[in-house]
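Structure first, commentary second.
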Amino acid sequence: MAHAETPQTTRRDFLYIATGAVGAVGVAGMVWPFVAQLQPDASVLALSTTEVDLAPIAEGQIVTAQWRGKPIFIFNRAPKDVEAARAVPLKDLIDPQSDQDRVKAGHDNWLVVIGICTHLGCVPIGHQGNYDGWFCPCHGSQYDSSGRVRVGPAPLNLPVPPYTFTSDTKITIG
Amino acid sequence: MKKTILFGAAALALLLASPVKAAEGGHDDLPHRESWSFAGPFGTYDTAQLQRGFKVFREVCAACHSANYLYFRNLAQPGGPRFSEAQAKAVATDYQITDGPNDQGEMFQRPGRLSDHWPAPFPNDQAARVANGGALPPDLSVIAKARASHVGFPGFITDAFTQYQEGGVDYIHALLTGYVDAPEGFKLQSGLNYNKYFPGHQIAMPKPISDGQVEYTDGTPATVDQYSRDVSAYLMWMAEPHLDARKRIGFQVFVFLIVLAGLLYFTKKKIWKNVAH
Amino acid sequence: MEGHSTYQPKSKVARWFESRLPLVGLVHSSAIAYPVPKNLNYFWTFGAILTLMLVVQILSGVVLAMHYTAYAPVSFARVEHIMRDVDFGWLIRYIHANGASMFFIAVYIHMFRGMYYGSYKAPREVLWILGVIIYLLMMATAFMGYVLPWGQMSYWGATVITNLFSAIPIVGETIVQWLWGGYSVGDPTLNRFFSLHYLLPFMIAGVVILHIWALHHVGQNNPDGIDVKSVAKDTVPFTPYATIKDVFAMVVFLLFFSWFIFYAPNYMGHPDNYIPANPLSTPAHIVPEWYFLPFYAILRSIPDKLGGVICMFGAIAVLAFLPWLDTSRVRSAKYRPLFRQFFWIFSIVAVGLGYLGSQPAEGGYVIASRIFTAYYFVHFLVILPLLGFIEKPKPLPASIADAVLAKNGGAGGATVVAGASAPQTKG
Numbered sequence: 001m002a003h004a005e006t007p008q009t010t011r012r013d014f015l016y017i018a019t020g021a022v023g024a025v026g027v028a029g030m031v032w033p034f035v036a037q038l039q040p041d042a043s044v045l046a047l048s049t050t051e052v053d054l055a056p057i058a059e060g061q062i063v064t065a066q067w068r069g070k071p072i073f074i075f076n077r078a079p080k081d082v083e084a085a086r087a088v089p090l091k092d093l094i095d096p097q098s099d100q101d102r103v104k105a106g107h108d109n110w111l112v113v114i115g116i117c118t119h120l121g122c123v124p125i126g127h128q129g130n131y132d133g134w135f136c137p138c139h140g141s142q143y144d145s146s147g148r149v150r151v152g153p154a155p156l157n158l159p160v161p162p163y164t165f166t167s168d169t170k171i172t173i174g
Numbered sequence: 175m176k177k178t179i180l181f182g183a184a185a186l187a188l189l190l191a192s193p194v195k196a197a198e199g200g201h202d203d204l205p206h207r208e209s210w211s212f213a214g215p216f217g218t219y220d221t222a223q224l225q226r227g228f229k230v231f232r233e234v235c236a237a238c239h240s241a242n243y244l245y246f247r248n249l250a251q252p253g254g255p256r257f258s259e260a261q262a263k264a265v266a267t268d269y270q271i272t273d274g275p276n277d278q279g280e281m282f283q284r285p286g287r288l289s290d291h292w293p294a295p296f297p298n299d300q301a302a303r304v305a306n307g308g309a310l311p312p313d314l315s316v317i318a319k320a321r322a323s324h325v326g327f328p329g330f331i332t333d334a335f336t337q338y339q340e341g342g343v344d345y346i347h348a349l350l351t352g353y354v355d356a357p358e359g360f361k362l363q364s365g366l367n368y369n370k371y372f373p374g375h376q377i378a379m380p381k382p383i384s385d386g387q388v389e390y391t392d393g394t395p396a397t398v399d400q401y402s403r404d405v406s407a408y409l410m411w412m413a414e415p416h417l418d419a420r421k422r423i424g425f426q427v428f429v430f431l432i433v434l435a436g437l438l439y440f441t442k443k444k445i446w447k448n449v450a451h
Numbered sequence: 452m453e454g455h456s457t458y459q460p461k462s463k464v465a466r467w468f469e470s471r472l473p474l475v476g477l478v479h480s481s482a483i484a485y486p487v488p489k490n491l492n493y494f495w496t497f498g499a500i501l502t503l504m505l506v507v508q509i510l511s512g513v514v515l516a517m518h519y520t521a522y523a524p525v526s527f528a529r530v531e532h533i534m535r536d537v538d539f540g541w542l543i544r545y546i547h548a549n550g551a552s553m554f555f556i557a558v559y560i561h562m563f564r565g566m567y568y569g570s571y572k573a574p575r576e577v578l579w580i581l582g583v584i585i586y587l588l589m590m591a592t593a594f595m596g597y598v599l600p601w602g603q604m605s606y607w608g609a610t611v612i613t614n615l616f617s618a619i620p621i622v623g624e625t626i627v628q629w630l631w632g633g634y635s636v637g638d639p640t641l642n643r644f645f646s647l648h649y650l651l652p653f654m655i656a657g658v659v660i661l662h663i664w665a666l667h668h669v670g671q672n673n674p675d676g677i678d679v680k681s682v683a684k685d686t687v688p689f690t691p692y693a694t695i696k697d698v699f700a701m702v703v704f705l706l707f708f709s710w711f712i713f714y715a716p717n718y719m720g721h722p723d724n725y726i727p728a729n730p731l732s733t734p735a736h737i738v739p740e741w742y743f744l745p746f747y748a749i750l751r752s753i754p755d756k757l758g759g760v761i762c763m764f765g766a767i768a769v770l771a772f773l774p775w776l777d778t779s780r781v782r783s784a785k786y787r788p789l790f791r792q793f794f795w796i797f798s799i800v801a802v803g804l805g806y807l808g809s810q811p812a813e814g815g816y817v818i819a820s821r822i823f824t825a826y827y828f829v830h831f832l833v834i835l836p837l838l839g840f841i842e843k844p845k846p847l848p849a850s851i852a853d854a855v856l857a858k859n860g861g862a863g864g865a866t867v868v869a870g871a872s873a874p875q876t877k878g
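Sequence order for the protein chains is A, B and C. Letter 112 of the first sequence, counting from 1, is numbered 112 in my numbering, and no numbers are missing. With positions in the second sequence counted from 1, the corresponding number in my numbering is that position plus 174. With positions in the third sequence counted from 1, the corresponding number in my numbering is that position plus 451.
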C-alpha cells in the first residue's frame, strides 16, 4: 500500500498490515459457518445405523437393505458359492482380497457388501454375469460371489460396510 | 413553535397511553422476572437443573403435551442436560415407537432409538382434545419462545440493552405457580381453572404439579416453585438448544469486531490525516 | 460509473482484455478514482452498509433455502430443523431474520439522511425515485420472507396484508383469491411467496446497480448541499478515503448487528411466530414487523377500508414526488432553519406512528393515529411546498473547500455562517 521508506511509513505499514490481517481472519471466520452448514446435519448422522433381521433370507437369496441411503446387498451364500469364492487364486483378481477377509468368521455364508459399483456408482444386478455374483448394467463390470470385481472397468471390490452380528440372525450395519 | 408542538405531541402520547394500558392489562400481576443461569451475555444452562427439569417434564408435562422437535439424541448433545449416550439410549428404549411397514406390510412397535423423536401422548390433535375436555395441550418444543410477558413502552427499549430474552420462561414459571383461588365474584366457567397469570385467568389445564410429586435425588427442595423453575429452564433448552454455543461464539465475535473496529479507526485517521474534511 | 477513470492498463494482457471488455476500467472509475466530496459525514456510509446487508441477506438466504421446504404441513418443522440440526443453522437463520431488521434500520437512516440534506433535489430526482423503488421491493421481500416460517404471525400477517387488496372495488375479491391461489392463505400462497422471496432480492440488486449508476453520474450530495466546483479542491478519490471510512462504519454496524444475533435474537421477532400457523384461530393482538408499523398505523387510522388502503400506499407513493413537493432551491437543512425544525417534527411523527402501529386499535390510540397521519401528509403536501416560499435560507458557502475551512476554524470561509446544529459532522 505505502511504498516510501521513511521510519514514519514503517509504522503506517504495520498498521495497514495488521488491519488487513485481522480483516482477513474475520472473513475466514465468517466463511466457516457457511461451509460447515453443508455437512450432513445431526438428523442425518443420527440415522447412521440400520438393523437387519437375517432369519427370513433363504439360502442362495440376495436381499437389498438400505443404510445411509445406500443399497446393502445381503447374500446368504450356498456352500458351493463360498467354495467357488475361496478356490480362486488371489493373483487372478483385479483387487486381490481373500473371501475370509470379507465375511465374519463363524458366519461365513453371509456376505454383506455395499451395492454400489466401484466404477461410477450404479447398482449392480444380482445373480447375473459369469461369476455367480453381480453384473453392472451401466458399463459391464462383473463381481463374483464374494463381491470382488472380476471384469472391469470397475477398479475395486464391492466394499464391506462396518457391521456386527448382534445375534445369530441379526446384524447392525454402521 | 417547534418546542410547543414537540411537547404537545409527547404529552398527548403519554396521556393517551396510560388509560388504555390500564384498561388492557387490568390489574393483572405481570410475571416476576426471575434470575436464570442462562440470562445475560455469559449465561449457560445449568446441567443439573436441566436434568431435574427433564424429570419433571417426563413425569408430569409429557403425560398430556407432545414435544415433537425433541429427539432422544438431543438429551446427550453438548449444551443440554448432558446425559451420557447410554442414559439417553436407556430413556429411548423405555418408549415404544410405531415403525414400519415391515415386509408383511404391517406397522409394528419397537423400542425407541436415539434417532426417534419424543413420542406424543396422543395419536392426533383430535384425540388430545377429547382426552383433555376439548382443550388442546400445545406442543412444548418451542413453547419457551412462543410465550412472553407483555412489555410496554419504555420497557421494550431497555430490554434491547439488557438482553432480556427470558419473557417466555418467566411466564411459564409464573403460570405454573399462579394457580390460586378465584377472587370473589369471578365467574369461572365449568371445566376451567383460575390462574393469576393466564390471559383472561381461565385456563383449561388443571394445576399440574404439587409439592413432592416428583422425586429429586440431589437434595433440591421438592416444591412447586422449584419444579416450575427447573422445568421452565428445561423448556428453554428445548426451545433454544444451541444457546450456550450462541453466547460463547457471540463473545468471541464481539472481541474480534472491537479489535478490528479499533484498527480500522486508526487506519482511517492515518489515511485522512492530511485532508481537511 | 463512466468517466473519472485514469486507468491505463500496464501489461500487454491487461491491454488486450481492456480493449475487449473495459471491466477493470469500470471498477477503477467507480470504486477507486470516483471523486467524493471531502465534507461527507458518517451518514454517507449507509449506502455501503446497505450494500453489505443486501449481500448478507442474499448469502444467508441462499443457504437457508438449501435446508428449507415450502410446504405448509412441514415448513414450520423445517425451520426448526435448521435451528436444531443443521451445523450453524441457528446462526445463519438468526443472521437472516435479524438481518432484515438491520437492513430496514440502515435504509431508514439512509432515507432520513437524504431528506435532511435534500439529496433528492435536482439533479438527483431519478436517483431518489430509484431509491423509493428499492424501498418498495424491500418491503415486498421482507413481507414474503416473514411468511415462510409458517407461524401464527406469518399466516395472519399474510392474511391481513393480502386482504388489503380486497378493498379494491368490484375486482378486489377476485384479485385476493388470485393472490392466494385458493380460498384462503394456504400452501399455494406459501409456495409462490417462497419463489418470489427468492427472486425479489436479485431485482433489488438490479435496481441498486441503477441507483449507483445514477449516483455516480450526477455525483454525491454532501452535508452542505452545494455542488462540487473543483474536483481537485472539493473532492478526494473514493479509494482509499471513502473506502476505509465505509469499511470502518460497516464493522461498527456489524457490532450492532451482532448484539442482536447473539444476545437478543428474538427481540425483533414476535413470540407468536413460534406457534405453528393455525387457520382457525387468530392471535389476540396481531402486529406486523416493526418496520411496517408506521404504515400499519396509517392504515388503521382511516375508518374506511378502501380509504385506509389508499392512505397507506399513498404514504409511500408521496415519497416519490418529494423532489417536486419541496420547492426550496437550497438542499441542505444546515442552511434551512425553518425546514430543519419541521424535519425533526416529521421524524418524531414518523416514529410516533410506528409506536401507535404497535398498540391496539382502540380509544386514544386511534385519535392519536389520525392526528399523526394527518400531519404526515400535511408535511409533504402543504408544509414542504410552502416552506420554499416562506423560508429565508442562510447564505451558502462558496464551495465545499470553503465550507470545510470554515468548519475547521480557518480563514477564507468569509461567506459562511456554518450551521451550528448539523447532527454529526465529525469524520
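C-beta atoms are modelled at their ideal positions from N, C-alpha and C, and glycine is treated no differently.
Minimum Cβ-Cβ distance from residue i to chain F less than 8 Å
i                      : result
residue 537 of chain C : Among the protein chains in the structure shown, which are A, B and C, there is no chain F.
Which residues DSSP lists as bridging residue i, in chain order
i                      : result
residue 73 of chain A  : A/64 and A/113
residue 461 of chain C : Its beta-bridge partners do not exist; DSSP assigns none.
residue 272 of chain B : B/283
residue 377 of chain B : B/367
Residue i (DSSP reduced to helix, strand or coil)
i                      : result
residue 367 of chain B : strand
residue 482 of chain C : helix
residue 195 of chain B : Low confidence applies to residue 195 of chain B: its pLDDT is 40, below 50, so where it sits in the model is not reliable enough to give any reading.
residue 150 of chain A : strand
residue 258 of chain B : coil
residue 340 of chain B : coil
residue 524 of chain C : helix
residue 390 of chain B : coil
residue 727 of chain C : strand
residue 170 of chain A : strand
Contacts that residue i makes with chain C (C-beta to C-beta distance below 9 Å)
i                     : result
residue 34 of chain A : 510, 511, 514, 539 and 543
Cut-off 7 Å between Cβ atoms - residues of its own chain near residue i, not counting five sequence neighbours on either side
i                      : result
residue 231 of chain B : 405 and 408
residue 97 of chain A  : 148 and 157
Other residues of its chain near residue i: CB distance less than 6 Å, five sequence neighbours each side excluded
i                      : result
residue 340 of chain B : 210 and 213
residue 458 of chain C : 476 and 479
residue 551 of chain C : 593
Interface partners of residue i on chain B, CB under 9 Å
i                      : result
residue 749 of chain C : By Cβ distance, chain B contributes nothing, its closest Cβ being about 16 Å from residue 749 of chain C, past 9 Å.
C-alpha distance - residue i paired with residue j, whole-angstrom precision
i                      : j                      : result
residue 294 of chain B : residue 420 of chain B : 29 Å
residue 630 of chain C : residue 624 of chain C : 10 Å
residue 284 of chain B : residue 271 of chain B : 5 Å
residue 41 of chain A  : residue 47 of chain A  : 10 Å
residue 442 of chain B : residue 563 of chain C : 25 Å
residue 733 of chain C : residue 608 of chain C : 10 Å
residue 165 of chain A : residue 741 of chain C : 59 Å
residue 635 of chain C : residue 746 of chain C : 24 Å
residue 766 of chain C : residue 827 of chain C : 8 Å
Contact test: residue i Cβ vs the ligand ZN heavy atom, cutoff 7 Å
i                      : result
residue 382 of chain B : Judged by which ligands are present, the structure shown has none, so any question about the ligand ZN falls away.
Per-residue contacts from residue i into chain B (C-beta, under 7 Å)
i                     : result
residue 22 of chain A : 433, 434 and 437
residue 18 of chain A : 437
Other residues of its chain near residue i: CB distance less than 8 Å, five sequence neighbours each side excluded
i                      : result
residue 602 of chain C : 527, 723, 724, 725, 726, 727 and 728
residue 137 of chain A : 122, 124 and 125
Closer than 7 Å at the beta carbon, the chain C residues around residue i
i                      : result
residue 48 of chain A  : Here the premise fails: no neighbours, minimum Cβ distance about 14 Å.
residue 416 of chain B : 541
Neighbour list for residue i in chain A, Cβ cutoff strictly below 8 Å
i                      : result
residue 532 of chain C : 41 and 43
Residues that residue i contacts on chain C, provided the C-beta gap is smaller than 8 Å
i                     : result
residue 37 of chain A : 514, 517, 518, 537, 538, 539, 540 and 543
Within chain A, the residues that residue i reaches when beta carbons sit closer than 7 Å
i                      : result
residue 441 of chain B : 15, 16 and 19
Chain-ordered chain B contacts of residue i [CB-CB under 8 Å]
i                      : result
residue 89 of chain A  : In chain order: nothing, as chain B lies at least about 40 Å away.
residue 161 of chain A : Near residue 161 of chain A there are no residues of chain B at all, since even the closest Cβ is about 18 Å away, more than 8 Å.
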